[in-house]
Each structure stands twice: as C-alpha cells, then as structure tokens.
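> Chains A and B are the protein sequences, given in the same order.
First residue of the first sequence? That's 90 in our numbering, and the numbers climb one at a time after it.
First residue of the second sequence? That's 90 in our numbering, and the numbers climb one at a time after it.
Take a look at the following structure, please.
Number of protein chains: 2
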Amino acid sequence: MATNITWHPSLSRAERNSLRKQQGFTLWFTGLSASGKSTVATALEQHLLHLGLAAYRLDGDNVRFGLNKDLGFSDKDRTENIRRIGEVAKLFADSSTIALTSFISPFKADRELARTLHAAKAAGSTDEPIPFIEVYVEVPIEVAEQRDPKGLYKKARAGEIKEFTGISSPYEAPENPEITIRTAEKSVEECVVDIVAWLEAKGLIPASSK
Amino acid sequence: MATNITWHPSLSRAERNSLRKQQGFTLWFTGLSASGKSTVATALEQHLLHLGLAAYRLDGDNVRFGLNKDLGFSDKDRTENIRRIGEVAKLFADSSTIALTSFISPFKADRELARTLHAAKAAGSTDEPIPFIEVYVEVPIEVAEQRDPKGLYKKARAGEIKEFTGISSPYEAPENPEITIRTAEKSVEECVVDIVAWLEAKGLIPASSK
Numbered sequence: 090m091a092t093n094i095t096w097h098p099s100l101s102r103a104e105r106n107s108l109r110k111q112q113g114f115t116l117w118f119t120g121l122s123a124s125g126k127s128t129v130a131t132a133l134e135q136h137l138l139h140l141g142l143a144a145y146r147l148d149g150d151n152v153r154f155g156l157n158k159d160l161g162f163s164d165k166d167r168t169e170n171i172r173r174i175g176e177v178a179k180l181f182a183d184s185s186t187i188a189l190t191s192f193i194s195p196f197k198a199d200r201e202l203a204r205t206l207h208a209a210k211a212a213g214s215t216d217e218p219i220p221f222i223e224v225y226v227e228v229p230i231e232v233a234e235q236r237d238p239k240g241l242y243k244k245a246r247a248g249e250i251k252e253f254t255g256i257s258s259p260y261e262a263p264e265n266p267e268i269t270i271r272t273a274e275k276s277v278e279e280c281v282v283d284i285v286a287w288l289e290a291k292g293l294i295p296a297s298s299k
Numbered sequence: 090m091a092t093n094i095t096w097h098p099s100l101s102r103a104e105r106n107s108l109r110k111q112q113g114f115t116l117w118f119t120g121l122s123a124s125g126k127s128t129v130a131t132a133l134e135q136h137l138l139h140l141g142l143a144a145y146r147l148d149g150d151n152v153r154f155g156l157n158k159d160l161g162f163s164d165k166d167r168t169e170n171i172r173r174i175g176e177v178a179k180l181f182a183d184s185s186t187i188a189l190t191s192f193i194s195p196f197k198a199d200r201e202l203a204r205t206l207h208a209a210k211a212a213g214s215t216d217e218p219i220p221f222i223e224v225y226v227e228v229p230i231e232v233a234e235q236r237d238p239k240g241l242y243k244k245a246r247a248g249e250i251k252e253f254t255g256i257s258s259p260y261e262a263p264e265n266p267e268i269t270i271r272t273a274e275k276s277v278e279e280c281v282v283d284i285v286a287w288l289e290a291k292g293l294i295p296a297s298s299k
C-alpha cells in the first residue's frame, strides 16, 4: 500500500472536485422568519444526500451555539455573524460539498459581502470562483405572520422582540437572486424540484434520470 | 421524480453518515513550525480522497486569510483563532467529512478546548460525540530548526519574530495524544501509512484491501 501513496504540495479545487466526483457551491437562502427557508433547505439537503452528493446545511442550531456563540445581536455582531457564515460556507464549497445556509440575512450589504467572499481568489490560485447562488424564499408577510410556528411575530407585535425583521426592522428583498421560490404558492416538494432543476440546468449537479 | 422526495425535520448524524457512507472525525495535528504537520496532513488528505473518502484540511492559507482575518496574534486572538478552527472542524466532521487541521496550536488549554467542543452535544441530540484525534508531530527542535524552510527560526533567533514557538514562546507537548508521528525518523509516506493503519484499526475508515 505504502508505495502507492503520492501527493502534491496542495490540491487545486478542480483536482479535488475530480476526486470527490462533484463540485461545491453555496446555496444562500434568504427570507422572512417563517418563510420556509429552513424547511426547504432541509428537504433539499436530504434530497441531494439521497442523490449521493455531499451537502451540509448551516443554520442557527449548528452555528449560533457554536462558532458564533460569542456574537450578540448588535448591528456589528449581526454583520460579523453573516461574514463568518459566508466564510464557512465557502470552506465547505471549496471542499467540494454543497453548502446550504438558512438565515434570514435581511440586509443586502451582508449578502453581498458573502457573495464577494466567494468570488475572492487566494493569491496565486488558478481556481475558478466558487458559485454563490442566492435563493430568495419569497412569501407575503401576512402569510409568514399567519404561520408563525414559534410565535415570534406575535411577540414582535406585542413589542416583546425588538428589531424583528418585517415588523420593526426592514427586510431588504434581493433584487437579482439566482433563484426565487414562493412557498405560499408551491409545496416544499415542488420548491425542491424547482431548485434541483435549476442546478441541473446549470450543470452544477449531474442530471438525474427522469 | 417529485413524488420520491421525502424528508425529516432534521437528520441525525448517524443517518447522515449512512447516506454519506462514511463517518466524520477531526484529526488535529500539532507540532513545532517545520515539524512536518502540513506536509503529512496534506499527503494524508490526498490519500483519503484517493480512497474515495471526503476529507478537507484547514490550515493557515484557508483560515487566516478568510474566517479569521479579523484576528491578530495577541493571546486572546490566538485562543479565539484555535476556538474557531475547532468549531469549523467540528462542523466538517458533523457533515461526515474527515477534518484535518494543521496549526502549531502550542498550548494545551487551546487544544483541550477544541477537544471539549467536539465532545459537546447539542441540546436533545442523541448523536455520539464526534471523535477528536490529536496527532502529535514530534520532532527534535534542532531538526526543525535545521529544516527551517521559510527561514522563520533564523528570524526568531535574530529577534525579528517575537514569541516564536520553541524559541521565545513555549510549545506544550501533548501528554496523551491519540497518535504520535516522528518525522525525523520516518518518511512522510510512512507517517501516512501509520495514521491510516490507526484509523482502520479504530474502525473510523474502512479497512483497505492489502
């Protein structure tokens, strides 16, 4: 076995993708609380895994209580929260894994920062930029507020939560998202199918057998 | 296709490992500058990829200039640097990827923090803790100083680098590392073989055909 080991000082992303038989990219879900971001992202993640692709979802549960547990909710900390998520998603995508992020990420500037990070190349690198795909989970706020699975809109209306996106803090909708899904009009299943079709059409994942 | 999509609110790590056909864990390399950490970790990463396993190495190149670019070299920032690397390695391992980290990480307390993070369970989780494997890359400092590929020891001796590990700042050697490799006595290839054999013996990767 030993004699078969050869290696290079470092792998290019193209070489890694070839060995991993897939390419990495980031699907950045953004939308109001209760828009369905996490539901759709979770379903999509599992669908991709069932297709034999490596995929991983970053969300509040595994980030806010770990990597970002030192951050609060000031403007500065919110921006740093999104910056770190962007950097970690980029690492996953660089590793040939499909990174999915599901955070409200209400501010255009923060999402643009995450996009810019993905476009940045390491010094001397010949790698292509990592694809960054913004997925706008669009839903009328009335629908989100009616769903309100965690009672957060109710608390926000009662003034118990300050700076709640859509109520007392703005949600800056994406102007040119790569993908828009409307969870008030389509089922979770249909949304997943639409995203998968988009990824296939772009050649980011292999075309599935019909 | 659509009708085949089913999903759960979230995946357990065991379910994810089953879909990914491998389990994640962290190999935490520690050792002096020029000990061979990155060389061995890079060779091992590529060997694992050639075995068909997902593996990814976190190092100064992809972390210091990205996620941790806001950190300097104060004691506080060095500890935060290692904490974040520990959290990100844990995310990769949680995603069923083998995470390799190659940082000097000279202080026991910092490495213990990274180990502790891996042992921590999310609230309500039934997942097993993520294996954390400390790999001590042991080399006499005289050998490391003679190698000095980047001329850092020379600069440290000349007083041009402050707090250089092994010269003007301590290296706290691991007391009970899971694996010790001695790069002054064995080739990179032999070190990789030894680590792979250890991982196979522990059942962390499938036994390779001999």
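Ideal Cβ positions, reconstructed from N, Cα and C, are used throughout, including at glycine.
In the DSSP assignment, the beta strand (DSSP E) including residue 222 of chain A goes from what residue to what residue?
Its beta strand (DSSP E) spans residues 221-227.
> Which residues of the region 171-201 of chain A have a Cβ closer than 8 Å to any Cβ of chain B? Give them in chain order.
Against chain B - using a Cβ distance shorter than 8 Å - the residues of the region 171-201 of chain A are 173, 176, 177, 179, 180, 181, 183, 184, 185, 186.
> Less than 8 Å between the C-beta atoms of residue 118 of chain A and residue 224 of chain A, yes or no?
Closer than 8 Å, so yes.
> Could you confirm whether any beta carbon from chain B is found closer than 8 Å to the beta carbon of residue 155 of chain A?
Closer than 8 Å: yes.
> Should residue 145 of chain B be flagged as near chain A, meaning a C-beta pair shorter than 8 Å?
Chain A, which has a Cβ nearer than 8 Å to the Cβ of residue 145 of chain B, makes this yes.
> I need the straight-line Cα distance from residue 249 of chain A to residue 241 of chain A, nearest angstrom please.
Their backbone Cα atoms lie some 9 Å apart in a straight line.
> With three or more C-beta pairs closer than 8 Å as the rule, is the region 262-276 of chain A touching the region 228-236 of chain A?
The region 228-236 of chain A, when compared against the region 262-276 of chain A, does touch it at the 8 Å Cβ threshold.
> Report the residues of the region 97-126 of chain A with a CB closer than 8 Å to any CB of chain B, ordered along the chain.
For the region 97-126 of chain A, which is checked against every Cβ of chain B, the residues closer than 8 Å are 97, 98, 99, 100, 105, 108, 109.
> Going by other Cβ atoms of all chains shown within 10 Å of its Cβ, with 16 needed for buried, is residue 280 of chain B buried or exposed?
Buried: at least 16 other Cβ atoms inside 10 Å.
> What first and last residue would you give for the alpha helix (DSSP H) that runs through residue 190 of chain B?
Counting along the chain, residue 190 of chain B falls outside any alpha helix (DSSP H), though it belongs to the beta strand (DSSP E) covering 187-191.
> Measure the beta-carbon distance from residue 202 of chain A to residue 175 of chain A and round it to whole angstroms, keeping in mind my assumption that it falls under 8 Å.
Contact holds; Cβ gap of about 6 Å.
> Where does residue 115 of chain A fall in DSSP's three states?
It is a strand residue.
> Considering only the alpha carbon of each residue, which of A/193, A/187, A/165, A/137 lies closest to residue 148 of chain A?
Out of A/193, A/187, A/165, A/137, A/193 has the C-alpha closest to the C-alpha of residue 148 of chain A.
> Write down the C-beta distance between residue 179 of chain B and residue 222 of chain B rounded to the nearest angstrom, noting that I regard them as a contact closer than 8 Å.
Contact flag wrong, Cβ pair sits at about 13 Å.
> At the level of alpha carbons, what is the spacing between residue 169 of chain B and residue 155 of chain A?
Their Cα atoms are separated by approximately 12 Å.
> In chain B, what lies closer than 7 Å to residue 139 of chain A by C-beta?
Within 7 Å Cβ-Cβ: 108.
> Is there a Cβ from chain B that is less than 8 Å from the Cβ of residue 289 of chain A?
No, residue 289 of chain A lies away from the interface with chain B (no Cβ there is under 8 Å from its Cβ).
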